[in-house]
Structures are given as C-alpha cells and as structure tokens.
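Enquirer: Have a look at this one.
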Amino acid sequence: MSDIAYYPDTPGNDETPCNPDILEEHNRIKKEFAADLIESVPNPCFILNKNRQIVFYNEALAEAVGEKRKDRILGRRPGELLRCCNSRTDLCGDSVACVQCGALRAIQTAMTGKKSEEECTLLANKDGKVKGYTFRVNASPIKITKKQYFIIHLTDLSDIKHKEMMERFFLHDLLNAVNGITNTGTLIKIDATQKEQKELASMIIDRAQYMANEINAHRLFISAEARQLELHNEPVEVNGLIESICAFYNNSLLAKDKNISITSNVDELKLITDKRILHRIIENLVKNAFEASPENGVVKVQAFERENKALFKVTNQGAIPMTVAHQIFRKSFSTKGTGRGLGTYSVKLFTENYLRGKVWFDSSNEDGTNFYVELPLSPAGEELAANPCPRNRGT
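Going by the numbering used here, the sequence shown opens with residue 720, and the numbers climb by one from there.
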C-alpha cells in the first residue's frame, strides 16, 4: 500500500473536517483506551462506532492512506478512507456492490458480538489511477466507556496474492512449453531413421518429462501450503506405483553418477488415497535417499500391510548426524545448501495434513537411515493426526 497514498476524492470529503461529535468521541476514547496498545500493532488498525465511522486509529493506518490530518480520517468509513471505487457515489457499505465486500461482512459479524475474519478485494482510485488491493480483515467487538465499538485490523495481502497469481501463470505456461518439447521429441523419435537419432530423441523426452514432473510437484506443494489442495481419493495399486518410481530413479543421472542401485520389496497392497500425493511422498523420500547414499550404495523401498495400515519404508546406507536429525522435518532446512530443504518438510505436510498418516525416521551408523510413512488403507472414519510430530524417533 505504501507506494500510493490515497484518500477519498468524493466531492467535499477532502476539505470537510469531521463532525465535532466524532472528534469529541475520539478524545473520550483516547482517555479511556490504552493508545499505546493500538500503536503497538504494526498493521493498520482502527476503531469504528455503531455507524461504521472511524473514531480511533493507529499511525500505521495514517501512513497507509497517506493522510496525516486527524480530522480527515476521523468520521470516515473504511472504504471512503481507502478510496474504494464503490464509495465515490455512495457511502461506504451502502452501494449494491458492497454486498460482496469482505470488510463489510467482517464488520457486520462483529456487530452481532462475534469475532470475524474475511478477505476483502478492493479497487481503489486516486487521480484517475486504478489499483487493486487484497486485505485480510479481522473485526472484533470491544466495549470502551461502556459503549459498544468495533476494532478492525487490516493486513495487506496484495503482494502475496500477486505473487501467487504470477506463479500460477508462470508454472502453467512453463508446463505447456515443456509438454510441447515432449511432443516434438516424440515426433522426432517416430521419424528418426538412425539409432543415434532415436536415442537423442528419447533423452529429450525423458528430460522434458522430468521437468513436467517437477513442475507438477511444485504446483502440488504450493496448493498444499496454501491449504487449497483438494483430495482425489482412488484405489491405488502400490506395487505399480513404486515400480514406476524405482524405474525412473534407476535410469537417472543421480543413480549413474554414484553407481547407486535401487531395490523394492512390495506386498500385494492396495489402498484408497490420493495417488498424486502418495507418488510425491515416496518420490521425495527416494530422491533424498539417493542424495544421502554413499557411492556404490543401495536404496531399498518396501511396502507392506501392518495392523490395517499401509507402511512404506525407504532405506539408504547413509547415517544422519544427531545435529541434523533434530532439524530434518523443518521447512527450508537442508544440508545441500541454500534454496533446498522442502523435501522432508513436504513429505510431512502431505502425509499428516492430507493423507491422515504419520511419518518418522530412525538412523544409525550400523543400519543406515530408514524413513517410514504409515497411511490408513482407506480414509473413511480416520481422524487427522492430532500430534503434528508423532513418533519421530530420529528427532
């Protein structure tokens, strides 16, 4: 918000000071209410009366709207002060469009005596320049001098929402481009007459498919972090899923560079779960196992049923130091340098927040490192994990 200072340009608003009664109400609140408390809030914060007029506010609000004059803030309704386009012809909250306003809904809920949180998308206009904002609005009832008021906190989400939107567009366009490379490689392979050409085309297809897989995995993670990921449960044949992951990593550069082999031991096991998420969980653990393995090492993947649960176990011969073990599932922690550290965190996020399961590990110099993922055979009747850090023996 700080890049644009804005306040109402409705005729008369800029030059008409607030009603003396509002100013008197402000001074009365200032005496009875701890002004330092509201000033300690870093985001814009203000108090409304029963007419939704601002009667008290903090300096963060004045800075956000670019208005230092107290009598040009007091008495205004939020949309008028924030220069909402809908308040140019009607009072804030009175236009037809205001029915959809998240801020108004939050305030109205607070007026019923309940706390409320809403998201408000606002289109502001100053000097003919239009800009969109997104706020998280928290509203709560509060009594001061035995009178009912409502305290409002604004959190500007505009940059976050813009970043999310641009990231979605970028990943969508990038995936389309990668799929185009895959299709082109396939056509080249079909028309190739020499063995070398077919091998080169196969390499192009493999790398493009790897990129597409990484892009889809990133999109999945972003949705999960934002709590926007929708589950699509279906019957999953575990053996086929693990075989495809093992085959992929057996032919990867990661395996060839360190001469690592991968083996699997999977019972005939089926469960009902989200296949995309389960695939990503096992793939992340296998990838981490490859990266942690010594040269000429072996990565083992096992899956079997135990006590009406599906148990997955991924083993590598490397050992995790105690100083590292306590930080394994922390976001952005990695021993591989900056820009890493989402692998084990995403495994925990997907397993415990979405698939109703548990994840833990153990590690020793003698037995190497084992990561375990336990999932219900079916999500029906299962409760989400109450403890976000269950049975992490290595932590």
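Where a beta carbon is used, it is the ideal one built from N, C-alpha and C, also for glycine.
Every value quoted in this text rests on a predicted model; they were computed, and no experiment measured them.
Is it a yes or a no for the segment 788-806 touching the segment 762-780, going by three-plus beta-carbon pairs under 8 Å?
Expert: yes
Enquirer: Can you check DSSP and say which residues form a bridge with Tyr685?
Expert: The structure shown does not extend to residue 685, since the chain is modelled only from 720 through 1114, so no value can be given for it.
Enquirer: With distance defined between alpha-carbon atoms, name the residue in Val856, Glu918, Thr840, Asp1086 nearest to His881.
Expert: Thr840 is the residue among Val856, Glu918, Thr840, Asp1086 whose C-alpha sits nearest the C-alpha of His881.
Enquirer: Given a cut-off of 8 Å, decide if Leu997 and Leu973 are closer than it, judged by their beta-carbon atoms.
Expert: Contact: no.
Enquirer: Under 8 Å between the Cβ atoms of Lys1032 and Asn952?
Expert: No; because the gap between Cβ atoms is not below 8 Å, this pair is not in contact.
Enquirer: Compute the distance between the beta-carbons of Leu852 and Ala843, then report whether it is under 8 Å.
Expert: Note that residue 852 corresponds to Tyr in the displayed sequence, not to Leu. Against a cut-off of 8 Å, the Cβ pair of Ala843 and Tyr852 comes out as a contact.
Enquirer: I'd like to know whether the C-beta atoms of Phe765 and Leu742 end up nearer to each other than 8 Å.
Expert: No, these two residues do not count as a Cβ contact at 8 Å.
Enquirer: Closer than 6 Å by C-beta to Asn1084: which residues in its own chain qualify, once you throw out the five before and the five after it? Chain order, please.
Expert: Taken in chain order, the residues that qualify are Ala1038.
Enquirer: Which residue comes first and which comes last in the beta strand (DSSP E) that contains Cys764?
Expert: 764-767
Enquirer: Using the three-state DSSP reduction, which class does Glu987 fall into: helix, strand or coil?
Expert: coil
Enquirer: If you draw a straight line from the alpha carbon of Thr903 to that of Ile923, how long is it in whole angstroms?
Expert: 9 Å
Enquirer: Ser877 by DSSP, collapsed to three states: which one?
Expert: helix
Enquirer: Expressed to the nearest angstrom, what Euclidean distance is found between the alpha-carbon atoms of Val784 and Cys804?
Expert: 15 Å
Enquirer: How long is the line joining the alpha carbons of Pro1098 and Asp846, rounded to whole angstroms?
Expert: 55 Å
Enquirer: Put Arg1025 into one of helix, strand or coil per three-state DSSP.
Expert: Three-state DSSP puts Arg1025 in a strand.
Enquirer: Return the residue from the list Phe1009, Asp875, Ile1047, Tyr776 that minimises the CA-CA distance to Asn969.
Expert: Checking every option, the nearest Cα to that of Asn969 belongs to Phe1009.
Enquirer: Would Ile1047 pass as a contact of Glu1002 if the rule is Cβ separation under 8 Å?
Expert: no
Enquirer: Out of curiosity, what's the CA-to-CA distance linking Lys1028 and Thr912?
Expert: 51 Å
Enquirer: Tell me the rounded alpha-carbon separation between Tyr1064 and Glu944.
Expert: Looking at the two C-alpha atoms, the distance is approximately 11 Å.
Enquirer: Buried or exposed, going by whether 16 or more other CB atoms sit within 10 Å of the CB of Val815?
Expert: Burial call: exposed.
Enquirer: Just checking my contact of His1070 with Ile1000 at CB under 8 Å: how many whole Å lie between their CB atoms?
Expert: First, the residue type needs correcting, since residue 1070 is Thr and not His in the sequence shown. Between Ile1000 and Thr1070 the Cβ distance is about 6 Å, and since that is below 8 Å, they are a contact.
Enquirer: Throw me the rounded Cβ distance for the Asn777 and Tyr868 pair, which I believe falls under 8 Å.
Expert: At roughly 15 Å, the Cβ-Cβ gap does not stay under 8 Å, so Asn777 and Tyr868 are not in contact.
Enquirer: Let me check one thing: in DSSP terms, what residues is Gly851 bridge-paired to?
Expert: DSSP, once it has assigned bridges, lists Leu842 as partnering Gly851.
Enquirer: Excluding five sequence neighbours on each side, which residues of the same chain lie with their C-beta closer than 6 Å to the C-beta of Lys789?
Expert: none
Enquirer: Measuring straight from C-alpha to C-alpha, what distance separates Pro954 and Asp875?
Expert: So the alpha carbons of these two residues sit roughly 42 Å apart.
Enquirer: So the candidates are Lys977, Arg926, Ile979, Ser983; which of them puts its Cα closest to the Cα of Asn958?
Expert: Residue Ser983 holds the alpha-carbon nearest to the alpha-carbon of Asn958 among Lys977, Arg926, Ile979, Ser983.
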